[in-house]
Amino acid sequence: MRRPPSRQRGLSLIELMITIFVLAILSAIAVPNFRNLIHRHQITTATNSLLAAFAYARSEAVTRGTFVSLCPSADGKTCATTTAYDTGWLIYAYPVGTDGADQVYDSDPKSGFQLLRNTSGPQNVSVIAKDNKIISYGQQGQLKRTVPSDGGPSLSFVVCNKNGDGQASNTSGAPGTRIDVSGAGGARSKTLAGDAGCGFD
């Protein structure tokens, strides 16, 4: 005895519209969260890269018995005249002499400067240094800056996400970080408060 063929039923127009509507709602919820996840990752990567750069420069200053400095750089060859490190930075060593620390990198072989590393800037992240564009470490690993009388950090950086207009922003979905460097040379980071800005005004 032959069995009657089974009947297959497709989606009705109403069911299809409901499915599309639900997917649209889920996408509207998921996309901003995914975007914030990417921004948080970029901020964390930039923060860790800076912390690693500070640790390396400090270690090299002790090992070499010389000054080792960091400066912002847009071309990977010269120091930029800005406190913005989001274009990249140089790490370089030079002899301890009468000119002191915080010297601008000189590529002339006769200058005694040695380029140790050049790092490209992080993507879609703002990195601003407070007060000084050059950060220098001495032979004992100390920061070559005057320690504030209030016991605060000798040097600070703020790392924030850049929005679509290229402006730095600190939001609850993608909070920025602040890096403080002590007079002894150690560095630590902390998450910015929700109402904190991305500068030092």
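Numbering (the numbering used here), first residue to last: 702 to 902.
For glycine and all other residues, C-beta sits at the position ideal for the given N, C-alpha and C.
Between residue 791 and residue 816, the C-beta spacing is below 8 Å. Residue burial annotation: residue 787 is buried, with at least 16 other C-beta atoms found within 10 angstroms of its C-beta.
Counting the other CB atoms within 10 Å of its CB gives residue 823 a total of 16 or more, which places it among the buried residues.
Cβ contact annotation for residue 719 (same chain, cutoff 6 Å, sequence separation greater than five): none.
Around the CB of residue 748, 16 or more other CB atoms lie within 10 Å, so the residue is classed as buried. Distance from residue 864 to residue 873 at the Cβ level is roughly 14 Å; contact not present, criterion being Cβ atoms closer than 8 Å. Three or more beta-carbon pairs separated by less than 8 Å are not found between the region 773-780 and the region 739-747, which leaves the two stretches without contact.
The residues 842, in chain order, have a CB closer than 6 Å to that of residue 763 in the same chain once the five nearest residues on each side in sequence are set aside. Just so you know, the alpha carbons of residue 878 and residue 900 end up roughly 11 Å apart. Only residues of its own chain outside the window of five on either side were considered, and among them 834 have a CB closer than 8 Å to the CB of residue 782, listed in chain order. A straight line joining the alpha-carbon of residue 810 with that of residue 796 spans about 13 Å.
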